[in-house]
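Going by my numbering, the sequence shown opens with residue 2, and the numbers climb by one from there.
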Amino acid sequence: MYGLPHPADCGHPARDSRAGAVLARATGCDLACMTTNRTAALRELDHRVSDGIDVRLLWRPHDNRALVAVADYKTGESFTIEVGADQRALDVFHHPFAYAASRRGGEETSGELAQVSGP
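Below you can see the structure in the form of structure tokens.
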């Protein structure tokens, strides 16, 4: 079973673990002064995998733009398409290779896509 071993008396993991003591301590930092990383703000809206091709529909809230990230694990090719204002994001998601010609030549995915938060 997941998470074994369990306490024999079915104790309370949150109360019985050291995590409670760690979380009870003051962090000593001012969370209000922290800044957010724009790349961490990418949200995955949809995801599909077919025949070794991984396609993700992503949204960047800070500029309200949609992206489609494609990775072909058979060829090793990967690219990102920024959905244009005159394009439908789901069309690009479902047919990324048809829209791939509109991207700049040699454009590869960047580290920006490595930190995607799910729905």
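From the three backbone atoms N, C-alpha and C, an ideal C-beta is built for every residue, glycine too.
Selection from the options that minimises the alpha carbon distance to residue i
i   : options            : result
D73 : A67, D47, A99, D55 : D55
K75 : R49, G53, F94, R66 : G53
R64 : A42, P97, G77, H95 : Before going on, a small fix: residue 64 reads as Asp here, not Arg. When only C-alpha atoms are compared, the closest one is A42.
R61 : A99, F98, E83, V50 : E83
For residue j and residue i, the rounded distance between their alpha carbons
i   : j    : result
A70 : D87  : 18 Å
R44 : G85  : 18 Å
D47 : L59  : 7 Å
S79 : A101 : 11 Å
G77 : R89  : 27 Å
V93 : A99  : 8 Å
H95 : V50  : 11 Å
R66 : R57  : 14 Å
Simplified DSSP state of residue i, which is helix, strand or coil
i   : result
V71 : strand
D47 : strand
V93 : helix
Check whether residue i and residue j have beta carbons under 9 Å apart
i   : j   : result
T81 : L68 : yes
Check: residue i C-beta below 8 Å from any heavy atom of the ligand PLP
i   : result
V71 : No copy of the ligand PLP occurs in the structure displayed, which carries no ligand at all.
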